């Protein structure tokens, strides 16, 4: 067993915290569906919609990543700090969204209705999609294990077969 | 009363301007009111999560994952209010 003590920020960067692994998975899935969403926006709003959709997807993914980072960086320090980081994080993230939209409101090549609708659809869609892959159990607090990870669990049948060989 | 009288006077002078003013005020109310509910919800959610982590520290990882997803779902309500704000104010 390693005696190395990691700082909370280092833990968050390495993806050891469960919410970081979940948010990384959400970002990965967001990157996969982004071209499809942008294409749908092109059909409805043209190239302006594509730009709006791309900005909305980037904002949603950054929102998830920032939320997970704030929790994972503050939770190992203290639960009170985690609570403060979560609540003020909510305000900060809403502020970032507002700032991004405020800066882009007069840009001609961007459709704001496309941005708004893509923001909601992407946020909720990715969350519901991620539900399928989250274990949230004592053994696997974050994502469901893949076959290789599951086989390495001491209680699993395949692990027992490997040990008996 | 003075504010209402001013709005009425503005509406009589320029109906389009009065409509824009009302839309801007409504957008502000929509955003502000939409942020209150999720704020209360996230506060309650995180409070309960902290309580359960303090009771069962071994389940902290599981609780944090559930809390993260709960916050994201609750935040969707605020996002809907935010989008209404964008559409009323800027679009």
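Chains as they are written, first to last, in our numbering: chain A, 465 to 629; chain B, 1393 to 1483.
Every residue, glycine too, gets a C-beta built ideally from N, C-alpha and C.
Nothing here was measured: the structure is a model prediction, and the numbers come from that model.
If I measure Cβ to Cβ from residue i and keep anything under 6 Å in the same chain, skipping five residues before and after, which residues do I get?
i                      : result
residue 487 of chain A : 528, 529, 532
residue 507 of chain A : none
residue 525 of chain A : 491, 494
residue 610 of chain A : none
If I follow the unbroken alpha helix (DSSP H) through residue i, where does it start and stop?
i                       : result
residue 608 of chain A  : Segment: none, residue 608 of chain A is in no alpha helix (DSSP H) and carries neither H nor E.
residue 524 of chain A  : 482-538
residue 1409 of chain B : 1407-1447
residue 1482 of chain B : Neither: residue 1482 of chain B is in no alpha helix (DSSP H) and is coded neither H nor E.
Alpha carbon to alpha carbon, what distance is there between residue j and residue i?
i                       : j                       : result
residue 602 of chain A  : residue 1457 of chain B : 11 Å
residue 514 of chain A  : residue 492 of chain A  : 20 Å
residue 573 of chain A  : residue 512 of chain A  : 5 Å
residue 499 of chain A  : residue 1396 of chain B : 49 Å
residue 465 of chain A  : residue 562 of chain A  : With a pLDDT of only 45 at residue 465 of chain A, under the threshold of 50, the placement of this residue in the model should not be trusted; the figure read from the coordinates follows. Answer to the nearest angstrom: the Cα atoms are 46 Å apart.
residue 1478 of chain B : residue 541 of chain A  : 37 Å
residue 1455 of chain B : residue 1405 of chain B : 58 Å
residue 536 of chain A  : residue 595 of chain A  : 20 Å
residue 1414 of chain B : residue 547 of chain A  : 37 Å
residue 593 of chain A  : residue 1424 of chain B : 29 Å
residue 1453 of chain B : residue 522 of chain A  : 27 Å
residue 612 of chain A  : residue 1447 of chain B : 33 Å
residue 559 of chain A  : residue 566 of chain A  : 10 Å
residue 1463 of chain B : residue 1407 of chain B : 42 Å
residue 1442 of chain B : residue 554 of chain A  : 17 Å
residue 604 of chain A  : residue 1449 of chain B : 15 Å
Who does residue i pair with in a DSSP beta bridge?
i                      : result
residue 598 of chain A : A:607
In chain order, what residues of the same chain lie with their CB nearer than 8 Å to the CB of residue i, ignoring the 5 residues before and after it?
i                       : result
residue 1467 of chain B : 1430, 1434
residue 1432 of chain B : none
residue 501 of chain A  : 517, 521, 582, 585, 586
Kindly list the residues whose CB is nearer than 7 Å to the CB of residue i, restricted to its own chain and excluding five residues on each side of it in sequence; keep chain order.
i                       : result
residue 545 of chain A  : 538
residue 505 of chain A  : 513, 514, 516, 517, 578, 582
residue 1427 of chain B : 1470, 1473
residue 597 of chain A  : 489, 607, 608
Assign residue i to one of three DSSP states: helix, strand, or coil.
i                      : result
residue 572 of chain A : coil
residue 541 of chain A : coil
residue 465 of chain A : Note that residue 465 of chain A has pLDDT 45, beneath the 50 cutoff, so the model's placement of it is unreliable and the number below is only indicative. Of the three classes helix, strand and coil, the one that applies to residue 465 of chain A here is coil, per DSSP.
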